[in-house]
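Structure first, then comments.
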Amino acid sequence: MLPQYHMSKSLQFSMQRRMQVILSNVANAHTVGYKRKDLELENLFPRDMETVVEKYHKRSKDKWELWDKQTDMMEYGTGTRISQVYRQFNDGAMEVTNRPYDLAIENGKGMFHYRMPNGQSAYSRAGNLKMDSEGFLVDPNGHPLEPAIRIPVNASEVMINPEGQVLTKLDNDREFRQIGQITLVKFKKPDELTEIGQNLFAETPLSGEPEFMPPGEEGIGHIRQGSLEYSNVNIMESMIEMLITTRLFQVIGGAMDATAKIIKYGADIKG
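Take the sequence shown: its letter number 95 is residue 1353 in my numbering, and every next letter is one higher.
Laid out in structure tokens, this is it:
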């Protein structure tokens, strides 16, 4: 009965991890730029209930005869494990904020480019920007947007058009003038990016190298000023997944208790 116990144990661990993933999604349901996680399982090495033999012989009088291929063996898996936890990069819900430095990417797979304190690049769908003490546009954690964009102190109005051009009116100017250009980034496999916290991602060998281009080109998306893209988590789906996972966990626990009792019963008989 030990194999049955280990099978149940492997599934119990997988369901625990699945519940953590679901709760993480629910907790970030209103996080700017958050992309939901999903978990995939795979079965472990399969075995046969009997000795693994496809063909065998029997002796008939003075010769050996080949029996037909054996078909009555029942195959079973030895448990399950997590094959991967990945992210879904489909668009999240858009919300209008009317704040001039809130930017969303719509109709495309582009990402914003930020510079970390150590000089490395980071990428995000979150465009909730603000000005630092020197007028540079930064994310909520102070990471500057790349390429750097500085808003003049005497700017009376700021407009960012769908193509990413940053336009301002200085003092009492009647016309806008361009002071910068937002550049977006896209990857061949964005789901292979690694999460580094603070709504930021870093490239990996599997994600491919970043491709930089202005908004509006090659399906990278357009900039929407005064709006934010929130999480792509569906709360109702997540709650249903939570209920199913909880029920599975209860069934697994019952199976493990029953297996433990049978093992103990067998040990008592032998004793």
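For each residue, glycine too, the CB sits at the ideal point set by N, CA and C.
Any chain D beta carbon closer than 9 Å to residue i
i	result
E1404	Here there is only one protein chain, and chain D is not present.
Of the listed residues the options, nearest to residue i (C-alpha basis)
i	options	result
I1560	P1358, M1277, L1387 and H1401	Residue 1560 lies beyond the range of the chain shown here (1259 to 1529); nothing can be said about it.
L1486	N1399, N1386 and P1468	N1386
N1301	G1337, R1294 and T1289	G1337
I1493	T1289, S1379, E1404 and L1269	T1289
E1467	G1474, S1272, P1420 and L1451	L1451
I1440	I1478, L1464 and E1415	I1478
Alpha carbon of residue i to alpha carbon of residue j, nearest angstrom
i	j	result
V1443	L1428	30 Å
A1518	M1265	13 Å
E1476	I1437	24 Å
R1275	S1282	11 Å
E1298	D1397	32 Å
E1461	P1448	8 Å
G1291	A1516	45 Å
N1286	G1350	12 Å
M1389	R1505	48 Å
M1500	G1511	16 Å
P1358	N1348	25 Å
S1496	N1490	11 Å
Residue i (DSSP reduced to helix, strand or coil)
i	result
S1465	coil
T1338	strand
R1345	strand
K1327	Because K1327 sits at a pLDDT of 49, beneath the cut-off of 50, its placement in the model cannot be relied upon, and the following sentence gives the value as read from the coordinates. If DSSP states are grouped into helix, strand and coil, K1327 belongs with coil.
Buried or exposed by the 16-neighbour rule on C-beta atoms within 10 Å, applied to residue i
i	result
R1432	exposed
F1303	exposed
K1367	buried
V1354	exposed
N1457	buried
Q1483	buried
Quiz item: Counting only runs that start and end within the region 1274-1305, where is the alpha helix (DSSP H) found for 4 or more residues in a row?
Solution: none
Exercise. List in chain order: all unbroken beta strand (DSSP E) runs of 3+ residues lying wholly within the region 1430-1501.
Key: 1435-1439, 1442-1444, 1452-1455, 1458-1460, 1469-1471, 1480-1483 and 1485-1487
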